[in-house]
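Colleague:
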DNA sequence: ATGGCGCGCGCAGCGCGA
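Numbering (our numbering), first residue to last: 1 to 254.
#1: At which residue ranges does the stretch 9-68 contain complete alpha helix (DSSP H) runs of 4 or more residues, listed in the order of the chain?
#2: On the DSSP letters alone, give me the boundaries of the beta strand (DSSP E) that residue 253 sits inside.
#3: Give me, in chain order, the residues of the same chain whose beta-carbon lies closer than 7 Å to that of residue 32; leave out the 5 immediate sequence neighbours on both sides.
#4: Name, in chain order, the residues that DSSP records as bridge partners for residue 143.
#5: What residues are listed by DSSP as bridge partners for residue 165?
#6: Would you list, in sequence order, the uninterrupted beta strand (DSSP E) runs of no fewer than 3 residues that lie entirely inside the stretch 173-249?
#7: Could you compute how far the alpha carbon of residue 194 sits from the alpha carbon of residue 214?
#8: Quick check on residue 2: does DSSP put it in helix, strand or coil?
#9: If you run the structure through DSSP and keep just helix, strand and coil, what is residue 90?
#10: May I ask you to report which of helix, strand or coil DSSP gives residue 127?
#11: Taking the straight line between their C-alpha atoms, what separation do you get for residue 72 and residue 204?
#12: Between which residues of its own chain and residue 139 is the CB-CB distance below 7 Å, once the five residues before and five after are set aside?
#13: So is residue 190 buried or exposed if we call it buried at 16+ other beta carbons inside 10 Å?
#14: The beta strand (DSSP E) that contains residue 77, what's its start and end?
#15: Do you know how far the Cα of residue 14 is from the Cα of residue 43?
#16: Measuring CA to CA, which of 240, 113 and 145 is closest to residue 219?
#17: Would residue 83 and residue 117 be called neighbours here (beta carbons separated by less than 7 Å)?
#18: Name, in chain order, the residues that DSSP records as bridge partners for residue 155.
#19: Residue 247 and residue 198: beta carbons closer than 7 Å?
#20: Which same chain residues end up closer than 7 Å to residue 155 when comparing Cβ atoms and leaving out the 5 residues on each side of it in sequence?
#21: Check the DSSP bridge columns for residue 7 and list the partner residues they point to.
#22: Looking only at its own chain, which residues have a Cβ that is under 7 Å from the Cβ of residue 129, when we skip the five neighbours before and after it?
#23: May I have the straight-line CA-CA distance separating residue 56 from residue 39, to the nearest angstrom?
#24: Between residue 231 and residue 175, is the Cβ-Cβ spacing less than 7 Å?
#25: Grab me the residues of residue 131's own chain with a C-beta within less than 8 Å of its C-beta, minus the 5 sequence neighbours each way, in chain order.
#26: Output needed for residue 106: all residues of its chain with C-beta closer than 6 Å, excluding positions within five of it in sequence on either side, in chain order.
#27: Can you check DSSP and say which residues form a bridge with residue 148?
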């Protein structure tokens, strides 16, 4: 089973990319972020036509998450019961016995801003919720756009980014606190090329220069990490015409 | 040189992302 996460930056604009990538990647489950669609406009039919079921939690203009799967989606949960929030940033479902969560972490805008405080509070509440969930769910995957580069090696220019949004110590500590729940970064379970990133700014030819960050992640509970066979970032869709600024990331399970 | 690109909204130009 292959599970992926992809911030598509508007599913309306990127539906053709998603359909193409579903076919070429062989993914069984894709966790989407930034769909930017109200639920009434979600392309369930287009996905069903190529063999995928889908559930979504969306809103107008901003945010929006979804799960797309070849297998049935059970016990669907939108949002964090520990953090009532108008912003649609979390959706969970059980797929083949695995609890899969698509998460769009807040960006935070700037260290010290109101949005930064919201980001840290949101992650702390996610941590609380997951701690409770992991008590009863052995196999869990937290997938999505974390808006955190966990370590300096996940940043093209760690000196320039030091202490900045996406790289600040409190954000990285919040990421490590998720790992401390017993989750493991699927990407780092395997050898990877240096300077592997999942997001590149649209400006300044960042992708061509590989000036990116690794901020999209798949965290696996230990029983699931034991099943991991490979994990990668697929940068190829970033080369397509009108791409998302994020690349899909994936893990395969034995 | 704090802009630079791309999106939604909505029809000009702004807020936002990361």
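Built from N, CA and C at the ideal position, the CB exists for glycine as well.
Modeller: By the coordinates alone:
#1: Taking 4 residues as the shortest admissible run, the stretch 9-68 contains the following complete alpha helix (DSSP H) segments, listed from N- to C-terminal end: 11-25 and 44-48.
#2: Counting along the chain, the unbroken beta strand (DSSP E) around residue 253 starts and ends at 249-253.
#3: Taking residue 32 as the centre and dropping the five residues before and after it, the same chain places the C-beta of 6, 8, 11, 65, 66, 68 and 102 closer than 7 Å to its C-beta, in chain order.
#4: The partner list for residue 143 (beta bridge, DSSP) reads 102 and 218.
#5: None; residue 165 has no bridge partner.
#6: Runs found: 183-185, 216-221 and 228-233.
#7: Here the alpha carbon of residue 194 sits roughly 11 Å from the alpha carbon of residue 214.
#8: Here residue 2 sits in strand by DSSP.
#9: The answer is strand: DSSP assigns residue 90 an E or B state.
#10: DSSP places residue 127 in helix when its eight states are reduced to three.
#11: If you take the alpha carbons of residue 72 and residue 204, they lie about 42 Å apart.
#12: Excluding residues up to 5 positions away in sequence, 97, 98, 99, 221, 223 and 224 lie with their Cβ nearer than 7 Å to the Cβ of residue 139 in the same chain.
#13: With fewer than 16 other Cβ atoms within 10 Å, it is exposed.
#14: Segment 74-78, the beta strand (DSSP E) holding residue 77.
#15: Between the alpha carbons of residue 43 and residue 14 lies a distance of about 11 Å.
#16: Across the set 240, 113 and 145, the C-alpha of 145 shows the shortest separation from the C-alpha of residue 219.
#17: Not closer than 7 Å, so no.
#18: Answer is 213.
#19: It is a contact, given that the beta carbons lie within the stated cut-off.
#20: A distance below 7 Å between beta-carbons, with the five flanking residues on each side excluded, links residue 155 to the following residues of its chain, in chain order: 149, 161, 167 and 213.
#21: DSSP lists 33 as the bridge partner or partners of residue 7.
#22: 80, 81 and 82.
#23: One C-alpha to the other measures close to 7 Å.
#24: Cβ distance not < 7 Å, so residue 231 and residue 175 don't count as in contact.
#25: 181, listed in sequence order.
#26: Taken in chain order, the residues that qualify are 118, 119 and 122.
#27: Under the DSSP definition of a beta bridge, residue 148 lacks any partner.
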